[in-house]
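Working notes, beginning with the structure itself.
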Amino acid sequence: MPTMKNIVTFFLFCLGITGYVACRADTPTPSETVYQSTIAADGVQHVRIEGGSYFFKPNRVIVHVNVPVELTVSVESGLVPHTLVIQSPEAGIAVDEGLSSEAKAIRFTPTAVGNYPFYCRNKLLFFKSHREKGMEGVLEVVE
Ligand SMILES: [Cu+2]
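This note's numbering puts the first residue of the sequence shown at 544, with every later residue one more than the last.
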């Protein structure tokens with residue numbers, strides 16, 4: 544006969560396994576979402592990016608070189624703070640902004656063709672960085 548204590552122990556063990564699996568499951572496999580910008584009547588490429596735990600959508604943004612870009616970026620509301628970083632001085636892009644659920648406009652003009660990473664630089668203690676969890680993308684600058 545199983546004792547009450549054994550049953551409780553077994554139950555807690557199952558709960559632990561379930562919790563672990565659920566935690567693993569909240570890290571989605573990143574899939575690619577592409578946005579190809581067009582030049583608006585105001586001469587600016589307007590790009591909308593939404594982020595959250597742990598993704599950017601779209602995560603591949605294609606823009607034209609030497610044309611101003613305005614990224615409008617927001618993240619889903621929640622307790623986890625996020626940022627948007629693009630450190631590509633070779634293309635004249637230096638972005639490091641805290642994000643919130645209120646859309647923020649970030650402007651720059653890419654000056655060189657190439658692929659430049661954008662990502663969230665946040666990281667909690669010993670956990671994987673948000674970037675490693677999938678909060679990253681590529682800014683592709685084309686002719
Ligand atoms: Cu983040």
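Glycine residues also receive a C-beta, built at the ideal position from the N, C-alpha and C atoms.
{"Item": "Buried versus exposed call for C557 [16 or more other C-beta atoms within 10 Å across all chains shown]", "Value": "Low confidence applies here, because C557 scores a pLDDT of 43, under 50, leaving its location unreliable and the question unanswered by this model."}
{"Item": "I550 in three-state terms, based on DSSP", "Value": "Residue placement at I550 cannot be trusted, given a pLDDT of 49 that sits under 50; what the coordinates show is reported in the next sentence. Of the three classes helix, strand and coil, the one that applies to I550 here is helix, per DSSP."}
{"Item": "Inter-residue spacing [alpha-carbon to alpha-carbon] between N609 and V685", "Value": "9 Å"}
{"Item": "Same chain only: Cβ atoms within 7 Å of V623, ignoring 5 sequence neighbours per side", "Value": "S596"}
{"Item": "Proximity below 7 Å, CB of E619 to CB of H589", "Value": "no"}
{"Item": "Of the listed residues R664, N602 and P660, nearest to G641 (C-alpha basis)", "Value": "R664"}
{"Item": "DSSP state of P660 mapped onto helix, strand, coil", "Value": "strand"}
{"Item": "Environment of L667 [buried if 16+ CB atoms lie within 10 Å]", "Value": "exposed"}
{"Item": "Y662 vs E675 beta-carbon contact at 7 Å", "Value": "no"}
{"Item": "Cβ-based neighbour list, N658, same chain, cut-off 7 Å, excluding 5 preceding and 5 following", "Value": "V681 and E683"}
{"Item": "Spatial distance of F669 from P601 (CA atoms)", "Value": "28 Å"}
{"Item": "Option nearest E593 by Cα separation, candidates R603, P653, A637 and E633", "Value": "R603"}
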